[in-house]
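Novice: Just passing along the structure, written as structure tokens.
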Amino acid sequence: MKSKGMAYLFWFVGFLGAFGIHRFYLGKIGTGLLWMCTLGLFGFGAFFDLFTLGSQVDAINTKKELKEIRTVTLANAVAQKGGEV
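Each residue of the sequence shown is one higher than the one before, counting from 1 in full-length UniProt numbering.
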């Protein structure tokens with residue numbers, strides 16, 4: 001699970017989002033590199049992230065939770081079938 005506090009901390013210490021450290025933390029490697037090369041899309045992307053970072057963290061955490069639920073559900077289904085798929 002990703003933390004909103006850590007994401008905002010990385011945003012802040014990464015020169016107010018310009019270096020994209022917060023995006024690497026969230027697993028967004030491509031946009032992290034883009035932010036590094038363009039200083040947060042010339043500041044506009046970094047400013048945008050200030051207001052959307054919380055919802056980005058929520059979306060990533062929800063995606064991870066759903067993946068875990070699917071894995072557990074599949075494992076339970078396999079166990080109930082006696083190991084047969």
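No residue lacks a Cβ here, since even glycine has one placed at the ideal position from N, Cα and C.
#1: Can you tell me the Cβ-Cβ gap for K2 and N76, rounded? I've got them flagged as a contact below 8 angstroms.
#2: How big is the Cα-Cα spacing for F10 and K81?
#3: How many angstroms separate the CA atom of D49 from the CA atom of C37?
#4: Rounded to the nearest angstrom, what separates F51 and A79 at their Cα positions?
#5: Our contact map puts A7 next to L66 with C-beta atoms below 8 angstroms; I'd like the distance itself, whole angstroms only.
Specialist: In short, the structure shows the following:
#1: Beta-carbon to beta-carbon, K2 and N76 are separated by about 26 angstroms, too far to satisfy the 8 angstroms threshold.
#2: Cα to Cα, the separation comes out at about 46 angstroms.
#3: Cα to Cα, the separation comes out at about 16 angstroms.
#4: So the two alpha carbons sit approximately 44 angstroms from each other.
#5: The C-beta distance from A7 to L66 rounds to 20 angstroms, too long to fall under 8 angstroms, and the pair is not in contact.
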